[in-house]
Every structure is written in C-alpha cells, then in structure tokens.
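See below for the structure under consideration.
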Amino acid sequence: MNRYFREISVTIALGLVLLAMAVLAPGFFQPQPLLSLVTREAPTLVVACGMVLVIISRQIDISVGSQFSVCSICAGLLAARGWPLMLVVPASVAVGALLGAGNGLLVAGLGLPSIVVTLATMVILRQGLNLVQQGAFVNLPDNVQWFGLSQAVGQWTLVAAALVLLVAFGLAMRRIAAGRWVYAVGADAEAARLAGIRPQLVTFLVFVLMGILAGLAATMNIVQSPQVQPMAGAGLELKVIAAVVVGGVAISGGGGNVWGAFAGLLLLACVSPALTHLHIEAYWEKAIQGAIILLAVVADGLRPRKN
Amino acid sequence: MKSPALPLCIVLGLLAAGLAPVHAADAKLVITMMPKAKGNAYFISCKAGADKAAKELGVELLFDGPTDSNAAKQNEIVENWITLGVDVITVAAENKEGISTALRKAQKQGIKVLTYDADALADARSFFVNQATPQGIAYGLLDEAARLMGGEGEFAIITATLTAGNQREWLKYMDTYLPQKYPKMKLVAVRPSDDLKDKAQSEATALMSANPNLKLLMAICTPGTPGAAEAVKQAGKTGKVNVIGLGLPNENKRYVHEGVTESVMLWNTEDLGYLTVYAAAALAKDELKAGATSFKAGKLGAFEIKGDNILLGKPYIFNRANIDRFDF
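Sequence lines, in order, name chains A and B.
The opening position of the first sequence corresponds to residue 1 in this note's numbering, with each subsequent residue numbered one higher.
The opening position of the second sequence corresponds to residue 1001 in this note's numbering, with each subsequent residue numbered one higher.
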C-alpha cells in the first residue's frame, strides 16, 4: 500500500475531479469531444513514458519538445513528398533516435549534466527548425490523416497504441533486467557499476529511447490533422515533466513508474477542459496546474522516510 | 595584333557604369524595398503589389533582404543602398532599434525613408505604412462575426496567450464595441492557445461541448484559426459552428473550401506593397509631406494618414471566392 501511495492518491484525485464534473457539468462526458481530447493526449503519454525512464535514471531531458517538433516536420515533409506512412514512421523514429543519441553521447559519454546539455539541444533544435522552416506549416496529403481510415478508427487506434505502449513499459520496467538496471543506475550509479551494470551505457540507451519515443509520438500527432505546425511540441517538455513528477517519479532518481505518470498526465490534462465546462476564466488554468505540482512535491516532503 | 586597350576600355567602362549612382544613368526614381526575409511568401506577395505599382509609376524597384529574418543583415543591405545612392528606402524592420541607426544615416545623405509592415523608430523614417490598426482588426473581426451570426447568439474567442500584447489590445477594443454595436451577441469565453494549433484544437473542442449553443469560434492568432477549424470538423459541426479568424491563406484554404471556416482575415499584402511604393514615389517627388491627412495611391484610391502612419485600412477578408488568388 505505502509503496503505491502516490499512484493511488493521484488516481483518487483524478476520480474526485471526474466525479465533481459529473455532478457540476455532465456535458464534460460527451463521448465524441472526450475521445478527441483523449486522442490529443496520446502522443503526450508516449513521450511521458520515455521521460519516466529518463528521470528514474536520475537525468532529465528538456529537449523533448524540440525533438518532437523536428521529428514532426521531418515526418511531415516526407509524407508530403508522397512517402507512405509505413516508411514515414520508421524515418521519424530514426531521426528521434539520432537526436536522443546526441544527447546520450554528451551526457553519458562526456559526463556532462543533462539539464545543461538538453537545454542547449532544446534551443539549437528549435532555432534550427525556425531557420529552415520559417514558421511555415507543412500541408499533408489527404491519406495521412487517420491513416486514411475513418476518424473514429484513427482515434481509437492512436489511443490503443499509446495504452499498449504504456502497459508494455509498465511491465518491462519491473520484469525485464534492463528495466531494473535503469532503477539501479538512478538509485546509485556506483553500486550499480559494482553489481556489474554499465551505468554509462544504460544512460546512453535511455536517451536514445527517449528520442525514439519522441519520434514515434510526433507521427502519432501528425496523423491527427491535415497539416503540421513547426511550433508543435513547444512546451511539451514542461507538460511531460510535470505529469511525471505529479505521478510520483522521484526527481532524485531511482523510484517511480509509468502508471503514476499516466494518472498525473490525465489529472493535469483535465484542468483546461474542466475549467471551460465550469465557465471559469482561463487565468486559473496554469495556477491550478502549478498548485497540483506543488502539492505533489509537498506530499513527498511530508511523507515519512523509511530510514 | 590586337590591342589590349580595347578589352581594358570595356572593363573600365563597365566598372564606371557600375559605380555611378544609379539614378544618374537615367532619370528613373530608384525605390528599394526590404522584406524581413526574402523567401517568405508573405513578402513575396507584398512584392507582387510593389512591382505593379513600380510599373504604373515607371520607377525602378530594388527588392532585397536577408534570406532569414536577420536584423544585422538588414543593416548591411541598407548600407549598400546608401552607397548605391538610391532615392527611397522602404523597410519592414526586423528590429526596431537595430535598423534605425542605419536609416538615420540614409536620411542624412538625402535618401527618403519609409517603413512598412513593421516600424522602425519614428525619427528614423518619414512615414510608416501601417497595415492594420488594433481598432481596425477588432472591429473588422466583430463585424464579420455579427454578419455570420445574424447579430445574435453565443460565440467564443481563442487567443494567443492571455498576456500577448496585440491580442489584449484587440480584446479591449472588442469589449467596448460589442455591447454598443451588437448587444444581442454574447462572448462566452476567451481561451488561450499559446500560439499552438494543437492546443487551439483542444480548446475549441472543449468550448463546443461546454457551450452547446455556440454559433461561432473566433481565433485571434494565426495558429488558432486552423486549430479551431479542425476541432469543428472532428466534432461534425461543420455548418453549425462557424469559424473565423486571423490567418494566412495557405494555412486555411482547405477548411475554407470544406466550408468549415467561413472567413480568414488579414490585410491584403499585395495592396500593402502597392501602397508602399506609391507612397515612396510621392515622398521622393515631395508630393507627400509631413502633416498630410490623406494620400492617393493609383488605382486603390485614397488612404487616410494618421500622424505619420499611412493606414492601409480595414482588414481584408479571404473567403471561398478569393482565397486561391493568394499564395502565402
């Protein structure tokens, strides 16, 4: 019970919000708008899964928003040239892997602090993209949106894909040795090394995986509309890190899981549409999201320590 | 044996021709036009109008600018034009302060200076060709909304960020204009999109489900317009909820043709280029002087001048009938 304290408390908070909405504004639960909103969060969930790993391994990656943008535009330009999605998705994933490997080499290889490295790559990628793209949208061919299928099928496919990925990560991180290595490296890199784990390699691979997921998420985003905005993904890093922290992943590394991040993401994503339904001014949105993050951190501080 | 003198003469002659002030070659006025970025479709559209005006007036138009939006490069180009001895320099300033020193230097050499699209400091140019006043945008959008809504019902606004300067000013004008002019129209919410199309889409989705009587979504930042349109389309509310907003034609053509978005507003960029060149020519001929209150620009007729701003006037409405004529 105590072990999953955060996951349970965030889920309860989410339940309370949904219950309140059911009483105060039942219109919130109309199926079609809700499905549209949930589908919009599917790519965010995929990126959040990667961020969980990054933060558990005691690193951070604030360049994910920029990686997402670069992958979106690369994928968009390839799709616009007539590449089928079967090739666009792996290409976008490959670009993401490359960007992640760049971060990984600098952080794991040279031992540089990840917050500085990824701050730099965030700015470089963003400005590079602005320079090349000049803010212009990429218009996609008609068969890209919803994979050329109907809207409902497309939306359910994306939601299902994100959930499958979530479950896969949730299981793999506990049951597979590589998953446990990430915890070990984040908890104590030296102890992990003595136990025969190679912390640098694990860190490097975590960043590569982060890039891969950013690339995948980018394609899950571009299939949702007929055009790609180069700004897409700006601010994504904050959204994802907030979800992960609210979900109980320790920013000091070594603890947490994707389930908590999932609940955290849903809770934070609820705020904006809930306020719209309650006809409360938008000024409160960021304040409430901030309060949720603060509450989560304070709860951590008040929790009795094991030792 | 051929004399080496002949080719040498030609070379020297060419050099001399190249070095001589441009307007000495013939009496044509030389007007320059600098965009923020040369390859930007928006400015290419400005140039189309400018070319038209230059042809009508019989002036020479030099169009040059940075390949990317680069303030330092803009200064270099102004310096080159000063050396070249052109008659008028017109600039869309990337950086207000940055460009002004170079423009003042041009003025000291007797070159007239105009700004268009984005202003420099007031003492560094004679006039600013102002494409849109805050009041013009606010009133234009509300008038168009009222026309589509029949003057009554609920509508919602999607803005950039809640603190964005331009948007706040437009909203302020709307706040006073709406109850006076359209008392039966009700603004139910103003939601931020953070200039992201995707967030605008989510906001629009929530707005429609929270306000079942909503008749119109108005986006007052350019990414908001296609974002709101995609939300309406996904909600299956095409024709029930209208979309209007500020925007670029190319980002909205699809939705305009599908009947999701009724009208997209911006200014007519061709007219902006046309007016700028006419004003530049008049300035050079001393026909346009400080204190003037109106100005006639060829086929487009008279434009109001407020202080040192030449006003392009009401925003231009792109709709199904005309949007394909614009490529930016």
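Glycine is no exception: its CB is placed at the ideal position from the N, C-alpha and C atoms.
Predicted, not measured: the structure shown is a model, and the values here were computed from it.
{"Query": "Run through the DSSP bridge pairs and tell me what residue 1322/B is partnered with.", "Result": "DSSP lists no partner for residue 1322/B."}
{"Query": "Starting from residue 86/A and walking both ways along the alpha helix (DSSP H), at which residues does that stretch end?", "Result": "85-104"}
{"Query": "Let me confirm a value: residue 7/A is counted as buried when at least 16 other C-beta atoms fall within 10 Å, else exposed. Which label applies?", "Result": "buried"}
{"Query": "Given this structure, state the Cα-to-Cα distance separating residue 232/A from residue 1087/B, to the nearest angstrom.", "Result": "44 angstroms"}
{"Query": "Could you name the residues of the region 147-177 of chain A whose beta carbon sits closer than 9 angstroms to any beta carbon of chain B, in the order they occur along the chain?", "Result": "151 and 155"}
{"Query": "Select from the region 1194-1207 of chain B all residues with a C-beta closer than 8 angstroms to any C-beta belonging to chain A, and list them in chain order.", "Result": "1194, 1195, 1196, 1197, 1198, 1201, 1202, 1203, 1205, 1206 and 1207"}
{"Query": "At least one CB of chain A closer than 8 angstroms to the CB of residue 1234/B: is that the case?", "Result": "yes"}
{"Query": "Rounded to the nearest angstrom, how far is the Cβ of residue 37/A from that of residue 1202/B, given a contact under 8 angstroms?", "Result": "6 angstroms"}
{"Query": "So, with DSSP's three-state summary, where would you put residue 1059/B?", "Result": "coil"}
{"Query": "Any Cβ of chain A within less than 8 angstroms of the Cβ of residue 1122/B?", "Result": "no"}
{"Query": "In angstroms, rounded to a whole number, what distance separates the CA positions of residue 294/A and residue 1168/B?", "Result": "29 angstroms"}
{"Query": "Return yes when the Cβ of residue 1195/B is within less than 8 angstroms of the Cβ of residue 131/A, no when it is not.", "Result": "no"}
{"Query": "Does DSSP put residue 59/A in a helix, in a strand, or in coil?", "Result": "coil"}
{"Query": "Assuming contact is defined by CB atoms lying nearer than 8 angstroms, are residue 1126/B and residue 1290/B in contact in what I supplied?", "Result": "yes"}
{"Query": "Hey, could you find the ends of the alpha helix (DSSP H) residue 286/A is sitting in?", "Result": "283-302"}
{"Query": "Short of 7 angstroms Cβ to Cβ, which residues in the region 1214-1228 of chain B face chain A?", "Result": "1223 and 1226"}
{"Query": "With three or more C-beta pairs closer than 8 angstroms as the rule, is the region 181-198 of chain A touching the region 244-261 of chain A?", "Result": "yes"}
{"Query": "Under a CB-based cut-off of 8 angstroms, is residue 282/A close to chain B?", "Result": "yes"}
{"Query": "Checking contacts by CB at 8 angstroms: is residue 36/A closer than that to chain B?", "Result": "yes"}
{"Query": "So with CB distances below 7 angstroms, who are the chain A contacts of residue 1319/B?", "Result": "Near residue 1319/B there are no residues of chain A at all, since even the closest Cβ is about 19 angstroms away, more than 7 angstroms."}
{"Query": "Please list, in chain order, all residues of the same chain as residue 48/A whose beta carbon is under 7 angstroms from its beta carbon, the five residues on each side excluded.", "Result": "240, 243, 244, 261 and 265"}
{"Query": "Would you kindly report the start and end of the unbroken beta strand (DSSP E) that includes residue 1128/B?", "Result": "1127-1130"}
{"Query": "Just checking: is the beta-carbon of residue 27/A within a distance shorter than 8 angstroms of some beta-carbon in chain B?", "Result": "yes"}
{"Query": "Note down, in chain order, all residues in the region 112-138 of chain A with a beta-carbon under 8 angstroms from any beta-carbon belonging to chain B.", "Result": "131, 134, 136 and 137"}
{"Query": "Taking only the alpha-carbon atoms, compute the straight-line gap between residue 75/A and residue 220/A and give it to the nearest angstrom.", "Result": "10 angstroms"}
{"Query": "By alpha-carbon positions, which one of 272/A, 68/A, 258/A and 89/A ends up nearest to residue 18/A?", "Result": "272/A"}
{"Query": "Would you verify that the beta carbon of residue 51/A is, or is not, closer than 8 angstroms to some beta carbon of chain B?", "Result": "no"}
{"Query": "Apart from the five residues on each side of it in sequence, which residues of its chain come closer than 7 angstroms, Cβ to Cβ, to residue 1260/B?", "Result": "1229, 1232, 1233, 1238 and 1243"}
{"Query": "Spatial neighbours of residue 1311/B within its chain, please: CB distance less than 8 angstroms, with the 5 preceding and 5 following residues excluded, ordered by chain position.", "Result": "1130, 1133, 1136, 1303, 1304 and 1305"}
{"Query": "Is it true that the CB of residue 206/A sits closer than 8 angstroms to the CB of residue 59/A?", "Result": "yes"}
{"Query": "Is there a C-beta anywhere in chain A that falls below 8 angstroms from the one on residue 1324/B?", "Result": "no"}
{"Query": "Find the residues of chain A that neighbour residue 1189/B, judging by a C-beta separation of less than 9 angstroms, and give them in chain order.", "Result": "276, 279, 281 and 282"}
{"Query": "Is the beta carbon of residue 1156/B sitting closer than 8 angstroms to the one on residue 1217/B?", "Result": "yes"}
{"Query": "Starting from the N-terminal side, write out each stretch of the alpha helix (DSSP H) that is 4 residues or longer and does not extend beyond the region 195-269 of chain A.", "Result": "199-222 and 236-246"}
{"Query": "Quick check on residue 1249/B: buried or exposed, where buried means 16 or more other Cβ atoms within 10 Å of its Cβ?", "Result": "buried"}
{"Query": "To the nearest angstrom, how far is the alpha carbon of residue 974/B from that of residue 1268/B?", "Result": "Lying outside 1001 to 1328, the shown extent of chain B, residue 974/B is not represented and no answer is given."}
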